[in-house]
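Reading through the structure tokens given below for one structure.
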Ligand code: ACM
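Residue numbers (the working numbering): 10 to 627.
What follows is the structure, given as structure tokens:
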């Protein structure tokens, strides 16, 4: 019986679509791509008399106000927010409702747009919030450009049932190498929210500056938050030059609380990182007694890794535990990140105290001493109901019993952690480091190195194929890291993260078999319009031309030219000269003889965008 109705429904829906022969679905532009989405003919028109009706008045109040504030800011609409109970007729309204028991997890949602209603249903407020993010991306991109005008907003009829692939979807920001004021951090959180990230990893301390107020240790911010000078240009380049300007800043505890509240409302957990035992020059500058040698130390003015690290003395543990106690009061996150990366052991090797400790505790070497250090901190965090995360070096010398590993030196750390039954977060440099170049470095602002294009980020698969199904469950998700040695201001943070964080969002959210690069390439063009309208700085992508040659034709070699730019204007030559705006335009694959030199480049508005690619066929 049930089946009969389903078949009937299917046939009816077919006839419905065939009656609307002029319905050409405009594809959806939502990033990350929903798990399931169906477009239907017709448009809902959001207008000044539309209302936001709440199914659960109190628990969705923020979500309603959030949506309303955006409608107000960009379309001049000010919608009434009222409980749905008691509303006689629903007409052109938006309903937000919690309907526990749906099979879409804690973060999934169901979004339906039809003639009279937009409804966003979810098990939890987080799902409603993500449904709202998808709804905002159904609006025409012109929505963001017309401010005070009160115009109706057309939303295509559709049905979306969506939930994330991974439970951990993270973006990181280093505020030590450069400091970004609270307003910028909130803007960053807005960017994360747009792409349904649920974790902000806030790298608060490092050699070049301690950035969080700790009441018990005022010198951390009085001394540790300020450096005397900053390296100019690339690290390692001669002659070495400094700007001779005092630089710094920090977040007060009130500012931190305000940012945590802002993020929590947007369903983003902030994981604070307090680096130990390395990357601690700023702390040692303030409290030299925590080192193995007498000092003095200074807040680092250049980049790299520094030898002076915390000494594993009782005094140091008391200090770190007191710091972590204040940190835990500020951040309600389950996880606390304790760094653990890049720890030179020279000072521990030459310290009589450390060598005696190694002997006394039956440790093998300094690696095991580091593990002992981290385990002690882990116990402290666990005793306070928190879990420890560390960079993958925490595997050296033995992993702490409950630790979660952030795999950054490739994927080996993640694999080892998962095999040992530990959770892991994947953030391998080659895919997830957004301080890397994203296009030809000769045409890009200074970056640390690497070459991680948008397409490469998009191609990332967080679950290593080496893992079996049980081990794979320990891969919680992926995270983009933004180290800021060469990122002095927030405009550049945006340039380095947009649009790569959009690609990573899809890696983290969308089922692997639903990912589709050409479709993402199309959708990201629409997001570029949103970035422009919002005043977000972004990188349009790599203009590099890939020249591929196939020996498949009898008459010669088939040449295909591709770029990650959408519908690029590629021009090429076969005569050994560099392409110019007058060279032949590439439209489709062509055939050349053996021994031909192909040169190709992308042009925009008559301008060469990157160095031409060159390939000589055999
Ligand atoms: C790192 O990039 N040092 C974790």
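We put the CB at the ideal spot given by N, CA and C, even for glycine.
With respect to 7 Å, is the separation between the Cβ of residue i and the closest non-hydrogen atom of ligand 1 below this value?
| i | result |
| --- | --- |
| residue 235 | no |
| residue 351 | yes |
| residue 400 | yes |
| residue 417 | yes |
Residue i: which of the options sits nearest, CA to CA?
| i | options | result |
| --- | --- | --- |
| residue 378 | 322, 426 and 110 | 322 |
| residue 145 | 135, 164 and 136 | 164 |
| residue 604 | 42, 560 and 615 | 560 |
| residue 503 | 483, 199 and 295 | 199 |
| residue 174 | 113, 121, 185 and 611 | 113 |
| residue 183 | 153, 359, 219 and 227 | 219 |
| residue 115 | 213, 132, 230 and 104 | 132 |
| residue 394 | 368, 418, 371 and 340 | 340 |
| residue 398 | 448, 76, 613 and 414 | 414 |
| residue 508 | 620, 574, 423 and 45 | 574 |
| residue 538 | 475, 626, 627 and 149 | 149 |
Just the Cα atoms here: how many angstroms apart are residue i and residue j?
| i | j | result |
| --- | --- | --- |
| residue 65 | residue 92 | 7 Å |
| residue 151 | residue 470 | 34 Å |
| residue 569 | residue 436 | 32 Å |
| residue 327 | residue 540 | 46 Å |
| residue 225 | residue 335 | 9 Å |
| residue 342 | residue 606 | 57 Å |
| residue 259 | residue 191 | 9 Å |
| residue 221 | residue 210 | 14 Å |
| residue 458 | residue 243 | 10 Å |
| residue 373 | residue 300 | 22 Å |
| residue 157 | residue 87 | Because the pLDDT of residue 157 is 48, which lies under 50, any placement of that residue in the model is unreliable, and the number read from its coordinates should be weighed accordingly. When rounded, the distance between both Cα atoms is 11 Å. |
| residue 119 | residue 58 | 24 Å |
| residue 81 | residue 544 | 18 Å |
| residue 485 | residue 176 | 6 Å |
| residue 337 | residue 345 | 8 Å |
| residue 516 | residue 38 | 16 Å |
| residue 386 | residue 330 | 8 Å |
| residue 236 | residue 294 | 10 Å |
| residue 325 | residue 347 | 14 Å |
| residue 565 | residue 598 | 12 Å |
| residue 74 | residue 449 | 43 Å |
| residue 463 | residue 99 | 43 Å |
| residue 223 | residue 231 | 10 Å |
| residue 519 | residue 358 | 48 Å |
| residue 402 | residue 61 | 50 Å |
| residue 45 | residue 443 | 29 Å |
Label residue i either buried or exposed according to how many other C-beta atoms from any shown protein chain fall within 10 Å of its C-beta, with 16 as the threshold for buried.
| i | result |
| --- | --- |
| residue 355 | exposed |
| residue 406 | buried |
| residue 269 | buried |
| residue 584 | exposed |
| residue 207 | buried |
| residue 139 | buried |
| residue 313 | exposed |
| residue 241 | exposed |
| residue 382 | buried |
| residue 506 | buried |
| residue 362 | exposed |
| residue 490 | buried |
| residue 187 | buried |
| residue 416 | buried |
| residue 121 | buried |
| residue 427 | buried |
| residue 384 | buried |
| residue 303 | exposed |
| residue 257 | buried |
| residue 96 | exposed |
| residue 129 | buried |
If I'm right that residue i touches residue j with Cβ under 8 Å, what's the distance once you round it to whole angstroms?
| i | j | result |
| --- | --- | --- |
| residue 411 | residue 396 | 6 Å |
| residue 166 | residue 49 | 4 Å |
| residue 68 | residue 134 | 6 Å |
| residue 193 | residue 499 | 4 Å |
| residue 456 | residue 446 | 5 Å |
| residue 440 | residue 466 | 6 Å |
| residue 185 | residue 217 | 5 Å |
| residue 101 | residue 125 | 6 Å |
| residue 76 | residue 141 | 5 Å |
| residue 601 | residue 554 | Their Cβ separation, rounded to whole angstroms, is 15 Å, which puts residue 601 and residue 554 out of contact at 8 Å. |
| residue 297 | residue 305 | 6 Å |
Tell me whether residue i, by its Cβ, gets closer than 7 Å to a heavy atom of ligand 2.
| i | result |
| --- | --- |
| residue 273 | Ligand 2 is not part of this structure, which contains only ligand 1. |
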